[in-house]
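Below is one structure, written out as structure tokens; comments come after it.
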Amino acid sequence: MTETLGIAGSGVIATGLAACAARTGGHVLWARSEDSADRARVVIAKVCERLGDSHVAANVQVTTDLAEMSHASFLVEAIAEDLALKSEILGRLGKLARTDAVITSTTSSLCIESLAAASGRPECFSGLHVFNPVPKMRLVEVAFPAKATTDTRRRVHELCIALDKEAVETPAVPGFVVNGLLFPFLFNAVEYLDRTGLAPETIDACMQLGAGHPMGPITLLDYIGLDVCVAIGDALGLEVPHRLRSLVVEGATGKKARRGLYPAAHYST
């Protein structure tokens, strides 16, 4: 791969992307704190090991100094799905980036034009929506602001090929294709759960066995994280089920908290 990645973030998307890129050469991942950096190193090493390339984890430099990103040719913002936070980081990246660098965001629901403007470099900006778990999911939704150059578009598509991903260019609208269609369905499943009193397992089994879904909607919501789902729903202007907001307030955010729409007992085994 000809690009050198600089990834801003230390969560599952950032570390998954870093692990996928590790086999292609040297890259940089930025974390906000030393604790986050330590956790990111552990996760990247584990993912690389699962991919059968444990030795390549050393190709990813994990740092807490954002200035280390200035050498990268391709910058990826991959922090929490919050417009203010993303805009702040993108603005900093735009100021330190090489003049020839492409700047991207892994947003799944926010306005591409707004993020591009925040970077100060809309001509070299792109949405780069990768899916979790990054090593397994081949789809990348790419979306461009109106000012994006032909060269920017080419390099984004070439990066996806180098990472063995399938890039699909989508309209630059919040939610793109997948989340724009998926979240109304997921929220409807929660409302159906409340309306009928069915067990989560029953709804999931029906959609898996009857509709061929690899994962039922209730399990998927817990897997994504209910806090993330609420944020995405708000960004898309959807009516978020009250039950989801209440669970998030309680700290029951799904699988990562070991309780969510499924009770704690479900995650105790």
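In terms of the working numbering, the numbers along the sequence shown are unbroken and rise by one, the last being 299. All C-beta atoms in this analysis are idealised placements derived from N, C-alpha and C, irrespective of residue type, glycine included. Since we're looking at a predicted model, the values are computed, not measured.
inquiry  = Going by DSSP in three states, Ile133 sits in which element: helix, strand or coil?
reply    = By 1-based counting over the sequence shown, the position of residue 133 is 103. Annotated three-state conformation of Ile133 is strand, per DSSP.
Exercise. Ignoring anything shorter than 3 residues or poking outside the stretch 169 to 243, list the beta strand (DSSP E) runs there in chain order.
Key: The qualifying runs are 169 to 173, 196 to 199.
Take Cys141 as the anchor and find which of Gly227, Val106, His296, Pro204 has the nearest alpha-carbon. The residue labelled residue 141 in the question sits at position 111 within the sequence shown. Ranking Gly227, Val106, His296, Pro204 by Cα distance to Cys141 puts Pro204 first.
The alpha helix (DSSP H) spanning Glu118 covers which residue range?
Sequence index remark: in the sequence shown, residue 118 carries index 88 (1-based). Per DSSP, the unbroken alpha helix (DSSP H) holding Glu118 starts and ends at 113 to 126.
My output table needs one value for Ser139: the three-state DSSP class, helix, strand or coil.
Position 109 of the sequence shown, counting from 1, holds the residue named residue 139. The three-state secondary structure of Ser139, taken from DSSP, is coil.
| query | Quick one: Cα of Leu59 to Cα of Ser40, how far? | reply | Against the sequence shown, residue 59 aligns to sequence position 29. Against the sequence shown, residue 40 aligns to sequence position 10. Per the coordinates, the alpha-carbon of Leu59 lies some 7 Å from the alpha-carbon of Ser40.
task: Check Val58 in the structure and name its three-state DSSP category.
output: In the sequence shown, counting from the first residue as 1, residue 58 sits at position 28. Strand, per DSSP.
TODO: May I ask you to report which of helix, strand or coil DSSP gives Glu33?
DONE: In the sequence shown, residue 33 corresponds to position 3, counting from 1. Glu33 falls in the coil class under three-state DSSP.
### Query
Among Val72, Cys259, Leu268, which residue has its Cα nearest to the Cα of Leu277?
Position 247 of the sequence shown, counting from 1, holds the residue named residue 277. The residue with the shortest Cα to Cα distance from Leu277 is Cys259.
- [ ] Would you mind giving the Cβ-Cβ distance between Ile119 and Ile109, rounded to the nearest angstrom? I have them listed as a contact below 8 Å.
- [x] Here the question's residue 119 lines up with position 89 in the sequence shown. Here the question's residue 109 lines up with position 79 in the sequence shown. That belief holds up - the Cβ atoms of Ile119 and Ile109 are roughly 6 Å apart, short of 8 Å.
| said: On the CB-based measure, 16 or more other CB atoms within 10 Å of its CB, does Met237 come out buried or exposed? | reply: Here residue 237 refers to the residue found at position 207 of the sequence shown. Taking all protein chains in view, the Cβ of Met237 is crowded by 16 or more other Cβ atoms within 10 Å, so the residue is classified as buried.
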